[in-house]
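Here you go:
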């Protein structure tokens, strides 16, 4: 293959852009940022957030800390997990050197060796909105709700209107099981006679 052919094939191959090409700008942004979020795994199952902070204090400056309690249904494989996002990337390495393979001891004296590693998902969740929903508690002043309540009260007050209705809107008396069976037998005999 000559150099002219390869340049032509490169030109024709780049004409159609993939979806991944359009996401390259977004990926570069996250690729260039240093990894600052770590996950601390294999913590004692009885540990609490307060105990964790006491044992790792002084905790370097961080903007996100999440402590997940152990799932008791996992039995002996139940461990607590902590996620920390550090503000300064250098603190990540200092924290990892200090607490990776660090021995945490629970209340019963059992030893648990922690594992510190970069979190697979580096983004931190948005802070939840603390604003109250403006429509919260306004149902009793809503016009649609008030008309609905009025209709319900009216239907309870008028016992004559509570007649069983069919889909056509005509009232029909309730049929007994014997009447229904007789109708079915009559229809079956009509079919046989035809």
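Numbering (UniProt numbering), first residue to last: 1 to 194. Using N, Cα and C, we set each Cβ at its ideal position, and we do this for glycine too.
> Which residue's Cα is closest to the Cα of residue 120: 153, 45, 110 and 83?
Replying inline: The residue with the shortest Cα to Cα distance from residue 120 is 83.
>> Please report the straight-line C-alpha distance between residue 195 and residue 103, rounded to a whole angstrom.
In response: Nothing can be reported for residue 195: it is not among the residues displayed for the chain, which extend from 1 to 194.
>> Check for me: the alpha helix (DSSP H) holding residue 96 runs from which residue to which?
In response: Per DSSP, residue 96 belongs to the alpha helix (DSSP H) from 89–99.
>> Just to confirm the assignment, what range does the beta strand (DSSP E) spanning residue 41 have?
In response: 37–43 is the extent of the beta strand (DSSP E) around residue 41.
>> Taking 8 Å as the cut-off, does the segment 46–61 touch the segment 97–117 (at least 3 CB pairs, one atom from each stretch)?
In response: Judged by Cβ distances under 8 Å, the segment 97–117 makes contact with the segment 46–61, as three or more pairs qualify.
> Does the separation of the CB atoms of residue 85 and residue 37 fall below 9 Å?
Replying inline: Contact: yes.
> With a cut-off of 9 Å, does the C-beta of residue 185 fall near any C-beta of chain D?
Replying inline: Absence of chain D from the displayed structure is noted, only one protein chain being present.
> Fully enclosed by the segment 95–156, which alpha helix (DSSP H) runs are 4 residues long or longer?
Replying inline: The segment 95–156 contains no whole alpha helix (DSSP H) run of 4 or more residues.
>> Here's the rule I'm using: 16 or more other beta-carbon atoms within 10 Å means buried, otherwise exposed. How should residue 148 be labelled?
In response: Residue burial annotation: residue 148 is exposed, with fewer than 16 other C-beta atoms found within 10 angstroms of its C-beta.
> So is residue 92 buried or exposed if we call it buried at 16+ other beta carbons inside 10 Å?
Replying inline: Counting Cβ neighbours within 10 Å, residue 92 comes out buried, since at least 16 surround it.
>> Taking only three categories from DSSP, how would you classify residue 175?
In response: Residue 175 falls in the coil class under three-state DSSP.
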